[in-house]
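Reading through the C-alpha cells given below for one structure.
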Amino acid sequence: MIKSEEITQIIKSKIEKYVPQTQIDVIGQVTNVGDGIARVYGLNSAVMGELVEFESGVMGMVLNIERESVGIVVMGEDTLIKEGDRVKRTNRVMDIPVGDSMLGRIVDPLGNPIDGKGPIKTEKRRPVEIIAPGIVERQPVKEPLQTGIKAIDGMIPIGRGQRELIIGDRQTGKTAIAIDTIINQKKEPTETRPICIYVAVGQKESSVARVAKILEDYGAMEYSIIVSASASQPAPLLYLAPYSGCAIGEEFMWRGK
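Set out below in C-alpha cells:
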C-alpha cells in the first residue's frame, strides 16, 4: 500500500518538473470567400507566401497583403469555408516534399500522392517560391539533351540546363515531343541520366493516367515524376503546379543531377 508521504513526494516531483508549454496563435477572420480566394481580417502580421489554416482544416497561401486585410488563395474546396470562420497562421511558407522518394510517383501540387501507391516518405521539403540563381552562379550550357527526334537533335539541339518553349496549336504534338524526350533518356547511363518532371496543368485525369501508362510501359517512370493539377481541381492548385514542379526539380539540380 502506498503511503500518503510517497504520494505527496510524487506530486511535488511532478510539479517541480512541469514546464508550461504555451502556444500563441495569431487568428484572423474570414470576411468573404469565393472563386478560390478568401479575404481575411486580423492577419496583418502574415508574410507573403505563408501557409495559413482555416477552421475547416483547408490550407491556404497568403498572396496579397493590404492595410486592413490579406488575400489568401484556398488550396482546396472553398465551399468548406464560410464568412466568420477563423484562420490561423502557421509561421511557415508554402513548401513541398522533395527527394528520391518522389521518383516514379504522381503527386498533386501540394506533394500528396494521387497514384494509389501509398504515402511518400521524404526527409526534406523545399519552398515553392525562391529566388532563382543569377547568371554568374549558373554553369554554362555545354552538353546536349538528346530528344531522340532527329530534326531537333540535328538542326536545333537542346542543351542541358536550357529553357526551351514548345508552342503550337491544339493537337499538334507538343505533348508527344515532351514524352518522347523523357522516354529517350532511358538510353543515358544511370549516373548521368537527367531527372524528368512532367507537370500537367488543367488536363483531364484520364489524359494524365494515359501519359503515366506510356512512361511506365517504356520504363521511364523510374527517373520521372508527374505533378498533376487536373481540370477538376480548384484554380489555386493549377496556379501552384508549375512552382511545385520547379521546386522538386531544383532539389535534384542542387544535388548535381
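Going by numbering that gives the first Met the number 0, the first residue of the sequence shown is number 0, and it counts up by one from there. Ideal placement from N, C-alpha and C gives every residue a C-beta, glycine not left out.
query: Within 8 Å, strictly: CB atoms of residue 121 and residue 92; result: no
query: Any alpha helix (DSSP H) of 4 or more consecutive residues that is wholly inside the region 131–165; result: 149–154
query: One or two residues paired with residue 232 in a DSSP bridge; result: Answer is none; residue 232 lacks a bridge partner.
query: Which of helix, strand or coil DSSP assigns to residue 88; result: strand
query: Three or more C-beta pairs below 8 Å linking the region 117–132 and the region 95–109; result: yes
query: Test item: CB-CB of residue 323 and residue 181 under 8 Å; result: No answer is possible for residue 323: the residues shown for the chain start at 0 and end at 256.
query: According to DSSP, residues forming a beta bridge with residue 27; result: 86
query: Chain-order list of residues whose beta-carbon lies under 7 Å from that of residue 237 (same chain, five-residue window excluded); result: 200, 201, 228
query: DSSP bridge partner residues for residue 123 (one or two, in chain order); result: 97
query: Opposing strand residues paired with residue 183 [DSSP bridges]; result: Paired residues: none, contrary to the question.
query: Bridge partners - residue 39, DSSP secondary structure assignment; result: 29, 69
query: Residue environment, residue 150, which counts as buried when at least 16 other CB atoms sit within 10 Å; result: exposed
query: Cβ neighbours of residue 146 in the same chain (closer than 8 Å, five flanking residues each side left out); result: 152, 157, 176, 179, 180, 183
query: Neighbour-count burial assignment, residue 109, 16 or more Cβ in a 10 Å radius; result: buried
query: Beta-carbon contacts of residue 16 that lie in its chain and below 7 Å, excluding the five residues immediately before and after; result: none
query: Residue 194 in three-state terms, based on DSSP; result: coil
query: Pair within 8 Å by beta-carbon distance, residue 79 and residue 57; result: yes
query: CA-to-CA distance, residue 198 to residue 225, given in whole angstroms; result: 6 Å
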